[in-house]
Structures are given as C-alpha cells and as structure tokens.
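Those letters in the sequence shown? Residues 10 to 90, per this note's numbering, in order.
Where is the CB? At the ideal position from N, CA and C, for every residue including glycine.
The structure displayed is predicted, hence computed values, not measured ones.
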Amino acid sequence: MARYHNHKIRLTPRYIEALHELIEAELEMMKEQDKDYSECWSWGICTVGNFSKPNHLYLTFGDEESRPKGMSRNTCVREDC
C-alpha cells in the first residue's frame, strides 16, 4: 500500500487509471519528439511512494531490451511499501 506519512492508503481505481494515462501520454509524446531514440520509449512504470513527500511519484521508462520480466502491458503502476 502507498503511504501518507505513517498511514497506509489505498490507491483508488480512478487514480491508478490516471497514472496509466499519464505514462501512456509520456510514451506517446516522447516517441514523437525523440524520433532518433523512439525505441527507448517502449514501456513505463510509475512507483507510488509516500504522499507526504514532494517526489512521491517515481517514473521509469525503457526500451524492449530493458523491459522487466513478466511485464506484459506497456504501463505499470505499483506501490512502494
């Protein structure tokens, strides 16, 4: 579960879907803008940390060679416990 200070919080389906949409939009934008390296934008992961910190969302992107094992979708949202 994600946290807010020391409190565990449950991410809502709407919030999770919004993060998937954000990752998809960034992948699309960067493939278009960074044509020389568009293959570097194959997948993205958003790790949600502690909401009390300004950097509670951590985004990671990569190419097919660096895709995490078992990652079948192009986007993933996970919680950093």
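Per-residue DSSP class, three states only, for residue i
i, result
"lysine 17", "strand"
"arginine 23", "helix"
Rounded distance between the beta-carbons of residue j and residue i, thought under 8 Å
i, j, result
"asparagine 59", "arginine 12", "5 Å"
Limits of the unbroken beta strand (DSSP E) element including residue i
i, result
"arginine 82", "Segment: none, arginine 82 is in no beta strand (DSSP E) and carries neither H nor E."
"tryptophan 52", "52-57"
According to DSSP, residues forming a beta bridge with residue i
i, result
"phenylalanine 70", "Gly53"
### Task
Check whether the region 79-86 touches the region 26-38, taking contact to mean three or more Cβ pairs, one atom from each stretch, closer than 8 Å.
Output reads yes: the region 26-38 touches the region 79-86.
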